[in-house]
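The structure appears right after this line, and notes come after that.
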Amino acid sequence: MTLLAAEGLTLSVVIGGSTIPVLRDISFALQPGKMLGLVGESGAGKSMIGRIIGQNLPHGFRITAGSLSFDGTDLLALPRDRHRALLGDRIAFVPQEPLSALNPVLTIGQQFAEHLRRLGIARRERYNRAAALLAEVKLPDAASLLHRYPFQLSGGMCQRVLLALAFASDPALIVADEPTTALDVSTQAHIVTLLRRLQASRGTAIVFITHDLRLAAHLCDEIIVLYAGDVVERGPAKEIFAAPRHPYTSALQRANPPLSGPRHGLPSLPENMPGIGAFAGIPGCRFAPRCPVADPACRDALPELREIAEGHFARCSPRCLDGHAAEVALEPIIADAAIASGQPILRIDDVSKIFRAQRSLLKGGRPITAVRAASLSVAPGEFVGIVGESGSGKSTLARLVMGQEAPSAGRIELAGHAMTQAKTDWASRIRTVQMIFQDPQSALNPRRTIGSLATQALEAQHHREAHHAEPRAARQARALTLLRETGLPAELAPRFPPQLSGGQRQRVNIARALCTTPPLLVADEIVSGLDVLVQAQILNLLLRLRETHGIALLFISHDLSVVRYLCSRVVVMHRGEIVEDGATEQVFSAPRHAYTKSLLAAVPPDALDRPWPPEGIADVALGS
Amino acid sequence: MPPLLRRVLTEPRAVIGGVILLLVLFVALLAPALAPHDPAEQDLLRTLLPPAWLPGGDWDFPLGTDSLGRCTLSQLIFGARVAMIVAIAAASGAAILGTILALLAGYFGGAVDWLISRAVDIWMSFPPVVLSLIFMVGLGAGLANVILAIVIVDWTRFCRIVRSEVLAVAKRDYVPAARLVGFSHLQIIVKEILPAVTPLLLTLISIEMGIAVIVEAILSFVGLSVEPNVPAWGVMIADARQYMYQAEWGLILPVLGIFVTVLGANLLGDGLRRSLDPRLVRRVAA
Chain A
2 MTLLAAEGLT LSVVIGGSTI PVLRDISFAL QPGKMLGLVG ESGAGKSMIG
52 RIIGQNLPHG FRITAGSLSF DGTDLLALPR DRHRALLGDR IAFVPQEPLS
102 ALNPVLTIGQ QFAEHLRRLG IARRERYNRA AALLAEVKLP DAASLLHRYP
152 FQLSGGMCQR VLLALAFASD PALIVADEPT TALDVSTQAH IVTLLRRLQA
202 SRGTAIVFIT HDLRLAAHLC DEIIVLYAGD VVERGPAKEI FAAPRHPYTS
252 ALQRANPPLS GPRHGLPSLP ENMPGIGAFA GIPGCRFAPR CPVADPACRD
302 ALPELREIAE GHFARCSPRC LDGHAAEVAL EPIIADAAIA SGQPILRIDD
352 VSKIFRAQRS LLKGGRPITA VRAASLSVAP GEFVGIVGES GSGKSTLARL
402 VMGQEAPSAG RIELAGHAMT QAKTDWASRI RTVQMIFQDP QSALNPRRTI
452 GSLATQALEA QHHREAHHAE PRAARQARAL TLLRETGLPA ELAPRFPPQL
502 SGGQRQRVNI ARALCTTPPL LVADEIVSGL DVLVQAQILN LLLRLRETHG
552 IALLFISHDL SVVRYLCSRV VVMHRGEIVE DGATEQVFSA PRHAYTKSLL
602 AAVPPDALDR PWPPEGIADV ALGS
Chain B
261 MPPLLRRVLT EPRAVIGGVI LLLVLFVALL APALAPHDPA EQDLLRTLLP
311 PAWLPGGDWD FPLGTDSLGR CTLSQLIFGA RVAMIVAIAA ASGAAILGTI
361 LALLAGYFGG AVDWLISRAV DIWMSFPPVV LSLIFMVGLG AGLANVILAI
411 VIVDWTRFCR IVRSEVLAVA KRDYVPAARL VGFSHLQIIV KEILPAVTPL
461 LLTLISIEMG IAVIVEAILS FVGLSVEPNV PAWGVMIADA RQYMYQAEWG
511 LILPVLGIFV TVLGANLLGD GLRRSLDPRL VRRVAA
């Protein structure tokens, strides 16, 4: 008996008088107790499917064809009030942002009470019920937790509370939209384990929406891969991950750098996924303009979703599916750059940073040690990765290197010169090291053109050295060189950041840091906000810059596989301390510190036969 | 930026308000050419005349005369000069003073911010009209002193609102990014932060113009503004008050002048806010 079934579902939006199909011909069937993964990049339409189930569509969107049935009833034809009665009862949702999904002015207890009241649970039973649910998600100290507000809890604890709320009604279906994306790897492993355990105990069916194909392959029974609103591939999860048949799925699978084995170059597909505005111009396969094996027929008509193996469907040209054209050759293995011996470009020597907490009436200024006695050095041309979870002090370390914070103890040397906070050191510091900011949306002034942003350093130089004339032509020429080096078309120079895609903006961000060609770059989580294929483009760009300019990079990331791909050395930080520092391969294959081991174990492995998440990982109870 | 200008010009409130203010400004600039009489010229035989279209009216004085037989229309037209000078000068002055302090407070934070913010708090706890009256008593009458008094009282309005905007802008990463490519603090304030608060500033200036017109009228009304021989709307109201039961038009017309000008300023301010506020704009663009 099928619990949730979609048949030829088409979602359209009206833009400027014309109706544009956003999701085309979506079909799937979810059995009770099973988990269905919806995988795709942002904008692929995966969250829209969740919103169709919740009848929570944005303005202007409506279903134009197809059907969606839940437990035998047609969800689309259901009157609004009867549909609403299903939500939170038989159909529950687990959202992406655990902190913003909980009401900040109500305690956890009040939010439980409200939900349990709606489910018709008597007042005196509510407390015990809530406590039992919280114990199931390993939050045993219900008495204290229920009196607290969401902002007093960590992201992982909030997500556990939301899981408990979602399962409170023993729903038949749960829609989880990127439930672990905002969390650290080990918290992700906890949440995922709890989700599976609750599912197993209740026989709940789950729609798991994620951008992470590897995570979905580990968790789900079946996967649907979406690209720009089309189902490009659908089938058993493990099969799709191990042997993808659609060129897009294959690119998606290979764009995620592996945690072991040879490091092949990541595939760089040209351009980006088309947005809704571009859909009308692509009548055929929406992936065709970027597809390495597309033929003219793909562009004119959408290929059929064909069953190529038992339960495994792909929407690709017959030539491709029959002739195995999807097997695109692997990129060559990337080599680590030869590290120049001699003077390091950056030396951090026994550096600590202690923050004094804000003085308040209730609490005294308790000092918080963000970085404790950290030492590391970066050779010219070396890519060093710093990994750790949020709060491990890795961003503070970057700010210390950049001189945005003064170290409380220890010394920082750049190109052999000890840096102080003095004004005289500032010019030499920013000549030696530049920073690539995490979020280009925030780091690029929306009122400046791309060309002016890329060459902002020249503008500053001109002001500093009055005699140093800044000929407009020279600045323009530099801007064009920078755009070319970062893989941006020259015609972007007069545009403004809001007109660019996320990946393009991150390239501008890199171009700006590159303007004066500093020997060292510091990059703080610069790919964490990007989709995996865009991330691959940016990582390849950084490798190319190492080749052409011999720059060194201090690459801060929580993503271990990305660090392994890029860096020849890795530094692991935990609670402000450097707990491990060594050659990447050595740290990944034979970690010494217990924290590094647990960090590595928390990442979904490439091999699907390795059980993940590891046994017992979620049994660590989170107390108060 | 042309797209910004286009957005302003397609916002009806901004256009209506702007047209009203431009009309008043135009009248003020061309006062000598437009006024049928010298506003100080008295005709003691024809005092307290109603507007021309009413019984007893005289087309020599289209809007009638006051108790000394001065032409109301001419006085209104010349009164627009005082109103416009005060509106523009006081609003710009308060904007400049308030914004400079707001930029310093919001950008540097810490002790600078504490000092400026406390000054604003203290300043704002005085009733504004009383405060400007005190200043006028101290400074003496005259147009320049009216402007000064309004600037000294109203800079806090700019300072407080612009400061919170500066705080929000300074949180964006492009500010430390500019610092890291070598911008000086002054360069960052002028080139990165000021352009971001300019739309808000334009809105505030426009609203402040309306406020300045009202404050000037109040000060004229109590005789603490311009010299008595200069025609101003507040002075006209004060004069007409004594005869308001015999000649109500002398009171209604200058009030109408103030009303229309302030309405124009507020409409323009609201229209600018709607068309320039990035939060509202983004929603339209998406």
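Protein sequence lines, in the order shown, are assigned to chains A and B. So the first sequence is numbered by our numbering: it starts at 2 and just counts up by one. So the second sequence is numbered by our numbering: it starts at 261 and just counts up by one. C-beta: ideal position from N, C-alpha, C; glycine also.
Query raised in the report: Which of the residues in the stretch 441-465 of chain A, read from start to end, lie with their CB under 7 Å from any CB of chain B?
Result: Ser443, Ala444, Leu445, Asn446, Arg448, Gln457, Ala458, Ala461, Gln462, His464, Arg465
Report task. Assign Ile412 of chain B to one of three DSSP states: helix, strand, or coil. Result -> helix
Requested in this report: For Ser393 of chain A, count neighbouring Cβ atoms within 10 angstroms of its own Cβ and tell me buried if that reaches 16, exposed if not.
Outcome: buried
Query raised in the report: CB Thr549 of chain A to CB Cys568 of chain A, shorter than 7 Å?
Result: no
Report task. Residues of the stretch 293-321 of chain B with a CB closer than 8 Å to any CB of chain A: list them in chain order, please. Result -> none
Query raised in the report: From the beta carbon of Pro488 of chain B, is the nearest beta carbon of chain A less than 7 Å away?
Result: no
Requested in this report: Mind checking the stretch 499-521 of chain A against chain D and listing, in chain order, the residues whose C-beta falls within less than 9 Å of any C-beta there?
Outcome: Considering every chain present, this structure includes no chain D. Its protein chains are A and B.
Requested in this report: Indicate whether the contact test is met: 3 or more Cβ pairs, each with one atom in the stretch 524-535 of chain B and one in the stretch 269-282 of chain B, closer than 8 Å.
Outcome: yes
Query raised in the report: Would you call the stretch 341-356 of chain B and the stretch 274-289 of chain B in contact, with 3 or more CB pairs under 8 Å?
Result: yes
Query - Cβ-based burial, Arg542 of chain B [other Cβ within 10 Å; buried from 16] - result: The predicted model places Arg542 of chain B with a pLDDT of 45, which falls under 50 and marks its position as unreliable; any figure quoted below should be read in that light. Classification for Arg542 of chain B: exposed.
**Report entry** Rounded C-alpha distance that separates Thr250 of chain A from Glu223 of chain A
**Finding:** 14 Å
Query - Met420 of chain A at chain B interface by Cβ criterion, 7 Å - result: no
Query raised in the report: In or out: Gly121 of chain A buried (at least 16 other Cβ within 10 Å) or exposed?
Result: exposed
Query raised in the report: Counting along the chain, where does the alpha helix (DSSP H) carrying Leu281 of chain B start and finish?
Result: 272-289
Query raised in the report: For the putative contact between Met420 of chain A and Arg430 of chain A, defined by C-beta atoms under 8 Å, what is the C-beta separation to the nearest angstrom?
Result: 6 Å
Requested in this report: Give a yes or no on contact between the stretch 519-527 of chain A and the stretch 230-248 of chain A, applying the rule of three or more CB pairs nearer than 8 Å.
Outcome: no
Requested in this report: Enumerate in chain order the residues of its own chain whose CB-to-CB distance from Ala455 of chain A is below 7 Å, with the five nearest sequence positions on each side excluded.
Outcome: Ala480, Leu483, Leu484, Val509, Ala512, Arg513, Cys516
Query raised in the report: Beta carbon of Ala438 of chain B, beta carbon of Glu452 of chain B: below 7 Å?
Result: yes
Query raised in the report: Of all the CB atoms in chain A, is at least one closer than 7 Å to the CB of Asp326 of chain B?
Result: no
Requested in this report: Report yes or no: is there a C-beta of chain A within less than 7 Å of the C-beta of Arg432 of chain B?
Outcome: yes
**Report entry** Length of the line joining the Cα atoms of Ala380 of chain A and Asp582 of chain A
**Finding:** 14 Å
Report task. Could you have a look at Asp499 of chain B and say whether DSSP puts it in helix, strand or coil? Result -> helix
Requested in this report: Would you kindly check if the distance between the Cβ of Leu103 of chain A and the Cβ of Val138 of chain A is under 7 Å?
Outcome: no
Requested in this report: At 9 Å on the CB atoms, spell out the chain B contacts of Met436 of chain A, in chain order.
Outcome: Pro436, Ala437, Leu440
Query raised in the report: Within the 7 Å Cβ cut-off, does Pro272 of chain B reach chain A?
Result: no
Requested in this report: Identify whether Ala380 of chain A lies in helix, strand or coil by the three-state DSSP scheme.
Outcome: coil
Requested in this report: Please name the residues in the stretch 387-419 of chain A whose beta-carbon is closer than 8 Å to at least one beta-carbon of chain B, in chain order.
Outcome: Met403, Gln405
Query raised in the report: Assuming Leu5 of chain A and Ala206 of chain A make a contact with CB atoms under 8 Å, what is their CB distance in whole Å?
Result: 7 Å
Query raised in the report: How would you label Asp185 of chain A, buried or exposed, when you count the other beta carbons within 10 angstroms and need 16 or more for buried?
Result: buried
Query raised in the report: What did DSSP end up calling Arg287 of chain A once you bin it into helix, strand or coil?
Result: coil
Query raised in the report: Counting contacts by CB-CB distance shorter than 7 Å, is Pro455 of chain B in contact with chain A?
Result: yes
Requested in this report: Could you tell me which of B:Ile410, B:Gly524, B:Asp298, B:Ala371 sits nearest to Phe338 of chain B, measuring between CA atoms?
Outcome: B:Asp298
Report task. Look up Pro520 of chain A in the DSSP assignment and say whether it is helix, strand or coil. Result -> coil
Query raised in the report: Between A:Ser269, A:His575, A:Gly156, which lies nearest to Ala375 of chain A when the distance is taken from Cα to Cα?
Result: A:His575
Query raised in the report: Should Ala327 of chain A be labelled buried (16 or more other beta-carbon atoms within 10 Å of its own) or exposed?
Result: Interpretation of Ala327 of chain A is limited by its pLDDT of 48, a score under 50 that renders its predicted location unreliable; no figure is taken from the coordinates.
Query - Touching by the beta-carbon criterion (3+ pairs, under 8 Å), the stretch 281-297 of chain A and the stretch 555-562 of chain A - result: no
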